[in-house]
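**Student:**
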Amino acid sequence: MTGRTKRNRAGWLFVLPSLTGVMVFYLIPFVDVCRRSFLQAVGGGFAGFGNYYQVLTNKAFRLAAGNTLRFVLICLPLLLGMSLGIALLLQGQKKYREIFKSAYLAPLAIPAASVVLLWQVLFDNQGLLNGLMHFFHKTGRDWMNEGTAFGVLVFSYIWKNLGYDVVLWLSGLLGIQESIYEAAKVDGAGAVKTFFYITLPNIRPVAFTIVILSFLNSFKVFREAYLVAGNYPQESIYLLQHVFNNWFSELSMDKMAAGSVLLCSVVAAFVLLLQRSWDRGDEDCND
Amino acid sequence: MKKIVRGFFLPAFALFAVSPVIFLLAGTFMGNQEIIECISPVFMDGGGYAGWRLVPQYPTLGNVVELLLDSPEFFKMFWNSAKITVFILAGQLIFGMPAAWGMARYDFRGKKMIYTFYIVMMMMPFQVTMLSEYLVLDRLHLMDTSAAVILPGIFSTFSVFIMYRFFRGIPESIMDAARIDGAGELQIFVAVGIPLGSSGIISALVLSFLECYSMIEQPMTFLKTKSLWPLSLFLPEVSSSNAGFSMCASFAALLPAVFVFLIGQDYLEQGIAASGIK
Amino acid sequence: MKITKWFCLLLVMALITAAAAGCSKGSKGKDTASPGAQADGLKSEGAGGKGKGRFLENEIALPDRAGRILAFGKLLDGTLAAVAEDKGDKSYYVLKSSDQGKGWKEVPVQGIKGQRISYAAVSPDGDAALIHYAKGCRADISIVGAKGKAETVTLRLPDKVEENQVRQAAYDKKGNLFAMDMEGAVLKADWKEGAFKEVFDTEGLQINYFGIAGDVMLAVHDKGIRLFDTEKGNTLDSEALLDDLIKEDKGLASNDMDFGAPMLFAEGTDSGGIVLVNKNGIFHYNRGGSVIEQLADASLLSLGGGNIVFQNLAVLDKDNIFIVVNDSGEFKLFQYSYDSKAASAPDKEITVYALDESSLLRKAVTLFQKEHPDIYVKLEFGLTGDDSVTLEDALSVLSTNILAGKGPDVLILDGMPAESYIEKGILADISDVIDEVDQKEGVLPGIKEGSRKDGKIYAFPARFLLSVIEGDKDTVKSGESLEGMAKRITQLKKGSNGGVIPQDKGTMTLLRDLYYADSASWMTEGNSIDEKALTDYLSCAKQIYDVDANSKEQDYLNKTGDGTVDGIKAGTLNETDLIEGSSKMAFGTLPDFWSLQNMISSWQLTNADYGLLNREVHSYIPYLSAGVTESGNKETAKEFVKLLLGKKTGDSITNGFPVNKTAFRLQCEEAVDSRLVKDDSSIMFSNEDGKDFSFNTVNLTKGQVGQFTAFAESLKKPAMDNRSILNIVLEQGDKYLLGEQNLGDTVDAILKKVNLYLAENS
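Protein chains in written order, with this note's numbering: chain A, 2 to 288; chain B, 279 to 556; chain C, 534 to 1295.
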């Protein structure tokens, strides 16, 4: 098996340059951040878990963490469900499928700055939406400055990521051989049964990717939130990213370090958990 | 029944997705005056409500042309964007692509750990790594140079993740065949991996492009010299004095992304489909 | 081992590419840096470099009686010549010096007695052209020969407008006379036809001002600089680098001064060379060249001082440059001569950072530089106004620099989150400096106590502003609280038949003025904003706004509120409405002694009175609040703060009242026996209906000065000066005033945002 080990060493070599970069730019400095999270901002003395305590009891951090969690918990299932639904509809739709796919994907191409412009025109107090409501004799509202801001953000996220998820789901769905469905039909399975016993298990591997990517993208709505509403947006869309950004500009390095470590642990735990749960099913599902 | 659902929902969602895009594109072709007319209630305290036209009344590319020829600051930012994007994408090809190949096609010790580590890295919002990135960039004296945005961007693990999935889909038999023909591992990568994984590579590039092109936090944090800023930071800071111009700038900024997307879209889907079959 | 080899090769290539990319990026960044940035680059290089050779400054004494310098230039034979106005009897002289200004020959101008000269120019032969103040579309020009005899000629001006006048005048080196008119057209004197004629094709551009370098006319407009041949009149190739100067800094194209210009030009000693001077320094440029070379950095010279207006520039030879400036009303002539032995730049350096441009700060830097020639002071401004850098951007860049250990040594904390900086240990205790200044020259005790925090002082204002109310006795009395004033205004409105009651203000200005009068008492013990105080503030603002809501003009402040500083320095109290009789009272910030004197002088017409607004709070608006960073060069930084607080910097009668007691007292004395009065200064304006109003500036009485001093000494609490908070209040308050949002929601929104802001740091 020397050939094999030698070959696998080549694998290492392929990975090495990239890994070095990642280590230099992300991992090693992160270790430093961990170290700093235990130090005092002024003077640099050992602070134990003082910074963590400070962060966890900080009102702003709690609010932001709650908002971020709420956002993820609402958006992720919503996006996954909606995109899967559309993908299922598209699965049986051969005509115009390409056109629909292109239409759904289009928002992906819009840079954040342009999206923001749109949001401003749409959701401003004197914006299009209120104009429309006025037309129907309803009182408009200041969308970005009330609780509705959260809704706008959810909307923005779904709009931007729906297409990509649909296409991903669809690729999974189209990968299921037609013959399996036919066999199920012969066995007299209904649509619901087919979905649960054939479709779902077969798209499991793709689902992992989709969940990962959707989760990843849920952090990116910050751009829109930031560009539309700045450092201190309406309370309901004040996200963890806002806190970190503001801490950075206010030089609260101690809090930032502790916060980074906390957030990192949570995200890492989530990913590992996800991977573990997928791994339990079949041996090679992390792709 | 199913047909009705389909006939209703699919176009409805398509409209939902596409209309803002059309809306923005319409703005690109509007003249200054028309834009101001439409949006004055939002940005200039005009009375009434904002309006919009999906088909410009007097379609013109004048604004875009003026922007490109007559506003150095826009131009400068555009080239900064181009520079940052090109360097990052090239870097991802040079470093990310082999890494994805290595992880996808070889079994070596620690591979799984590295792969998981890459995914975790990819998931981190910028704010988590902001401080660490800052510390290293400062030590390397790269703060306030384009490299401060480019270098970390090159080692973003996102593109590795995407390419990995595609490389994974190439049947081992093809590689074995190549090995029997006496090809070395690097040759296999170049002659088999890259061509067969091309759609994946391209879709990773397209996604990375879109990502780099609207990068906001990184340049904002690491670049203090305004002349280094990319277009994404050309905030639509619309005020009454420059409404037309700013609007137009953000419309024009949209065009490159749309072009790249249109060109890359096929690969994006093809690639996704290919990996799905696996 | 083939794979490994291949792979190594690939890796090496990759690294080389990456490195090359990195390098080219680095250098590209510098190449493409804007001219403004280039100047910065030069500056810092100059500071860092240890080379020899530098232009040194030397102020040249002008004859005692010379007041205004109307023209200055170099004659063909190398003589320096100037046209000066006598300080006393306002007669005119031609001054000549053939020994670089050591001695001056004075030739009185004869034959124009009692006439007012608005502009003048010196021809290369030594003739002087004096342009009279004339009505109608004409220019009366007295040509003064070597003997001082004036001969007056009248030239017609283009009559596109009724009252066209000459605005600037200069000779080229061939002896042609040029002028500009009110319409922004550059004109050439045609003696034969008896007219000033447009000979240059400006393609309809409005020219703001012009300069002449030998036989090249440089006409500055909003977007760049046009070059013409003065003799032939043809347009010369445009110079991109010169255009860039204007593009980089629009201020360089402004023409808002009656005399002088933001930038001067003169012919260099080399062919095609142009020497130019602006607030950044003295530069040399060769037409068609690729770089504007900096000869001297203004911040090392008196030219960097904030109140400098450039008048004339003459290049005697390669190593001797002469510049006439107007420094706060006083005309000065400087010689800049190259000393090849002097170190090219001071070896020590400190950085002073402020959010906003400040002329006073520039002046302090210049003073400091004079006292410490071995220290280079780099002045950085976070918000330059021209570009779209927001407050947050600026603060975050500052933080990044502080974090990297590249932060400034002196922080001017106006508008910054000073509290948070103190908490994080960024600022050093400067109570020793304050005590020292206090012992030597004294500082206002209330302000000293107001700046103390846990027994230490981390930030101390060099100057302050006040919120005042002006009107009849009862109105002034009502101003002891905002509620009182709001009530009084409503009451006045009821009793009047129409008309505007308070001085007309837009929403933002109104909110800001009241904020500065009231915010000192908003903060609660628990580091959050008091809800009741905020509610009261907003309802007062609304009440006052609504009194005349339908007669409001558009507010000039932009919606985001980043433009909030401009008004502070200039003050917002404006008595013109009161004088015109269109309003019954005024309130706002009183910025300085100059304004105080004008306000009191205006009472000749209005019979008004004034008092502190919201005087229960005893608050002041800190200005030029200085702090020293823990990480910087503390000793030198403290020296700078000492100078900033000192008597010398304090003697400016504009831009705030000095906290320094000696400076304050000197200004009080000045107000009692005022230069403005000696100069016979008067204020004239006309209202919309064309009715003229005027009043003379008067000396203040001892009583008035005493009353003001008592006001100043009663101050003890700084208004909240954190601009992030102010912006939130303005943004939300604006909606409430305009009726887009109700009181409860507004208070709620402000509290949520501000408390969030405060919570982040707790």
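C-beta atoms are modelled at their ideal positions from N, C-alpha and C, and glycine is treated no differently.
Which residues of chain C have a Cβ atom closer than 7 Å to the Cβ of LYS60(A), listed in chain order?
**Tutor:** ALA1292
**Student:** Closest Cβ-Cβ distance between ILE963(C) and chain A: below 8 Å?
**Tutor:** no
**Student:** Less than 8 Å between CB atoms is the rule here; does THR1162(C) satisfy it with respect to chain B?
**Tutor:** no
**Student:** Taking C-alpha atoms, which residue in ASP1206(C), ALA599(C) and LEU849(C) lies nearest to GLY862(C)?
**Tutor:** ALA599(C)
**Student:** Does the beta-carbon distance from TYR105(A) to VAL167(A) come in below 8 Å?
**Tutor:** yes
**Student:** Identify which residue in GLY669(C), VAL686(C) and ASN1294(C) has its Cα closest to the Cα of LEU663(C).
**Tutor:** VAL686(C)
**Student:** For ALA107(A), which residues in chain B fall below 8 Å Cβ to Cβ?
**Tutor:** Residues of chain B passing the Cβ test: ALA295, VAL296, VAL299 and PHE539.
**Student:** Do you know offhand how far PHE761(C)'s Cα is from PHE816(C)'s?
**Tutor:** 20 Å
**Student:** What are the start and end residues of each continuous alpha helix (DSSP H) run of 4 or more residues lying completely inside the region 943–1012 of chain C, in chain order?
**Tutor:** 951–956, 964–973, 978–984 and 1006–1011
**Student:** I need the straight-line Cα distance from GLY659(C) to GLY669(C), nearest angstrom please.
**Tutor:** 29 Å
**Student:** Verify the CB distance criterion: does SER253(A) have a CB-CB separation below 8 Å to chain C?
**Tutor:** Yes, SER253(A) counts as interfacial toward chain C.
**Student:** What three-state label does DSSP hand ASP777(C) in the structure shown?
**Tutor:** helix
**Student:** Run through DSSP, which three-state label would GLN235(A) get?
**Tutor:** coil
**Student:** Taking DSSP as the reference, what is the three-state secondary structure of PRO78(A)?
**Tutor:** helix
**Student:** How long is the line joining the alpha carbons of LEU130(A) and LEU154(A), rounded to whole angstroms?
**Tutor:** 15 Å
**Student:** Chain C partners of TYR239(A), CB-CB under 7 Å?
**Tutor:** LEU1289
**Student:** Is the Cβ-Cβ distance between SER510(B) and ALA114(A) less than 8 Å?
**Tutor:** yes
**Student:** Just tell me which of TYR396(B), MET421(B), PRO449(B) and ILE282(B) has its CA closest to the CA of PRO497(B).
**Tutor:** Selected option, being the one with the closest Cα: MET421(B).
**Student:** Since I believe MET402(B) is in contact with PHE249(A) (beta carbons under 8 Å), could you give me their beta-carbon distance rounded to a whole number of angstroms?
**Tutor:** That belief does not hold up - the Cβ atoms of PHE249(A) and MET402(B) are roughly 15 Å apart, past 8 Å.
**Student:** Please report the straight-line C-alpha distance between ASP573(C) and GLY1189(C), rounded to a whole angstrom.
**Tutor:** Residue confidence for ASP573(C) is low, a pLDDT of 35 falling below 50, so the modelled location carries little weight and cannot support an answer.
**Student:** When burial is assigned at 16 or more other CB atoms within 10 Å of the CB, is LYS780(C) buried or exposed?
**Tutor:** buried
**Student:** Does DSSP put ASN697(C) in a helix, in a strand, or in coil?
**Tutor:** coil
**Student:** For the region 1145–1154 of chain C against the region 1020–1034 of chain C, do three or more pairs of beta-carbon atoms, one drawn from each stretch, fall closer than 8 Å, so that the two count as touching?
**Tutor:** The region 1145–1154 of chain C, when compared against the region 1020–1034 of chain C, does not touch it at the 8 Å Cβ threshold.
**Student:** Output the residue ranges of the beta strand (DSSP E) runs that lie fully inside the region 845–873 of chain C and measure 3 residues or longer, sorted by chain position.
**Tutor:** 853–860
**Student:** Beta-carbon within less than 7 Å of SER1295(C)'s beta-carbon, same chain only, minus the 5 sequence neighbours each way: which residues are those?
**Tutor:** Cβ within range, chain order: ASN1060.
**Student:** Helix, strand or coil, according to DSSP, for MET375(B) in the structure here?
**Tutor:** helix
**Student:** Taking the beta carbon of ASP632(C) as the centre, do at least 16 other beta carbons fall within 10 Å, making it buried, or is it exposed?
**Tutor:** Result: exposed.
**Student:** Measuring only between beta-carbons, confirm whether SER250(A) sits less than 8 Å from chain C.
**Tutor:** yes
**Student:** Of the residues GLY1114(C), LEU1129(C) and GLU1273(C), which one's Cα is nearest the Cα of GLY1121(C)?
**Tutor:** Here the closest residue by C-alpha is LEU1129(C).
**Student:** If LEU119(A) sits next to PRO337(B), beta carbons under 8 Å apart, how far is it from one beta carbon to the other, in whole angstroms?
**Tutor:** Not a contact, Cβ separation roughly 19 Å.
**Student:** Could you check where the beta strand (DSSP E) with THR685(C) kicks off and where it finishes?
**Tutor:** 683–689
**Student:** If you draw a straight line from the alpha carbon of GLN405(B) to that of VAL414(B), how long is it in whole angstroms?
**Tutor:** Answer to the nearest angstrom: the Cα atoms are 15 Å apart.
**Student:** Counting C-beta neighbours from all protein chains within 10 Å, is the total for LYS256(A) 16 or more, i.e. buried, or is it exposed?
**Tutor:** LYS256(A) is buried by the Cβ-count criterion.
**Student:** Spell out the partners DSSP gives PRO202(A) in its beta bridges.
**Tutor:** None; PRO202(A) has no bridge partner.
**Student:** What in chain C is Cβ-close to ASN1(A), meaning under 7 Å?
**Tutor:** Outside the shown range of chain A (2 to 288) lies residue 1(A), about which nothing can therefore be said.
**Student:** Less than 8 Å between CB atoms is the rule here; does PRO941(C) satisfy it with respect to chain A?
**Tutor:** Judged by the 8 Å Cβ criterion, PRO941(C) is not in contact with chain A.
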